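Numbering (this note's numbering), first residue to last: -18 to 209.
Notes follow once the structure below has been shown.
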Amino acid sequence: MIYVFDLDGTLCPIGKPISKGTVSGLRELEARGHRVALCSGKPTYYLCGMARQLGLSHPILIGENGGVIQLGVHLPPEHFYIVTNRKKTLSFFREKRAELAEKYGDSVWFQPNEAMLTVFPKDLSLFDALEEDLAPARALGCKIYRFVDCFDVVPDDVDKGKGLSFLAELTGCTPDDFTAVGDGENDYPMFAFARHSVGISLKDKGRAQVNVSSIDEAIDHLLKEEKG
-18 MIYVFDLDGT
-8 LCPIGKPISK
2 GTVSGLRELE
12 ARGHRVALCS
22 GKPTYYLCGM
32 ARQLGLSHPI
42 LIGENGGVIQ
52 LGVHLPPEHF
62 YIVTNRKKTL
72 SFFREKRAEL
82 AEKYGDSVWF
92 QPNEAMLTVF
102 PKDLSLFDAL
112 EEDLAPARAL
122 GCKIYRFVDC
132 FDVVPDDVDK
142 GKGLSFLAEL
152 TGCTPDDFTA
162 VGDGENDYPM
172 FAFARHSVGI
182 SLKDKGRAQV
192 NVSSIDEAID
202 HLLKEEKG
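Spelled out as structure tokens, the structure:
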């Protein structure tokens, strides 16, 4: 089984460390013969350091909302894959980044990505203006996710479900081999792909098969289910 966990809002609050109890639970899943994957809007290089601190033997890193996949934590990576092939969209991202950099200057920061565009406004009053500036991406079929601290603009052929589908092909697995745990809208595609899904404080509880209020409850559920 591959247990796939969203990061921010799931494994830990935004900007906070993963708790010792959660780390123990992830290690226990691996000790029982399963693989643990971190699936986030963050780049895989960001996930590398976190995965090393977790002390997992063979973590899978799924970054940029499913747009890139890395097996293991070595840098440079031995196994690294970019899932999207939308050259027109990636070209649009480069142009849009240059446009926003010229317009907002140091008031915005761009996450270093391979497969999508992520913009962090340093001044929260810029959120609405940035959302309007990013809106043309929808004409290319892109999805725009607005979070408390940033925007993710994701190509039409990228989401966490498609990332898991790519990983399944890569590893010879099927949806039956996946359990997905997450807390937000961008986790819904991986819920739809995986055999089993656990939502944490979801707004739309119907998206997950099981709903809990914390990561501790989620891991307790997984350990009990696996044991049973």
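Here a beta-carbon is modelled for each residue, glycine too, at the ideal position from N, C-alpha and C.
Remember, it's a predicted structure, so these values are computed and weren't measured experimentally.
Please state if the CB of residue j and the CB of residue i are separated by a distance shorter than 7 Å.
i     : j      : result
T70   : L151   : no
A18   : I(-5)  : no
T(-9) : I125   : no
V129  : L115   : no
D168  : D(-13) : yes
A161  : A175   : yes
L28   : L37    : no
A96   : G53    : no
K103  : S88    : yes
A199  : V179   : yes
P225  : A32    : No answer is possible for residue 225: it lies beyond the span of the chain, which begins at -18 and ends at 209.
C154  : P136   : no
P170  : G142   : yes
T210  : I196   : Nothing about residue 210 can be reported from this structure: the residues present for the chain run from -18 to 209 only.
So, with DSSP's three-state summary, where would you put residue i?
i    : result
G22  : coil
I196 : helix
R16  : strand
L42  : strand
G187 : helix
Assuming residue i is part of the alpha helix (DSSP H), what are its boundary residues?
i  : result
G4 : The residue you asked about is not Gly; residue 4 is Val in the sequence shown. Its alpha helix (DSSP H) spans residues 1 to 12.
Hey, quick one: how far does the beta strand (DSSP E) through residue i stretch, first residue to last?
i      : result
Q51    : 49 to 52
V64    : V64 -> no beta strand (DSSP E), and no H or E assigned at all.
D(-11) : From DSSP, D(-11) is part of no beta strand (DSSP E); its letter is neither H nor E.
I181   : 177 to 181
Find the nearest neighbour of residue i within the set the options, judged by alpha-carbon distance.
i     : options                  : result
C(-7) : L10, V49, D164           : D164
G(-2) : Q92, H55, L35, E207      : Residue -2 is actually Pro in this sequence, not Gly. If we check each option's Cα against that of P(-2), L35 comes out closest.
L145  : E45, G14, K77            : E45
L203  : L10, K1, G2, S0          : L10
R127  : A110, F172, D138         : A110
F91   : S21, C131, M31           : C131
L98   : L105, K1, L81            : L81
C20   : I50, S0, K1              : I50
G86   : K1, F73, F101            : F101
R16   : T3, V(-15), V4, S5       : V(-15)
L56   : N192, G30, D157          : G30
G22   : D(-11), D201, F147, E112 : D(-11)
message: So within the stretch 85 to 173, which uninterrupted alpha helix (DSSP H) runs reach at least 4 residues, ignoring any that extend past its ends?
response: DSSP runs (the alpha helix (DSSP H)) wholly in the stretch 85 to 173: 108 to 115, 141 to 152.
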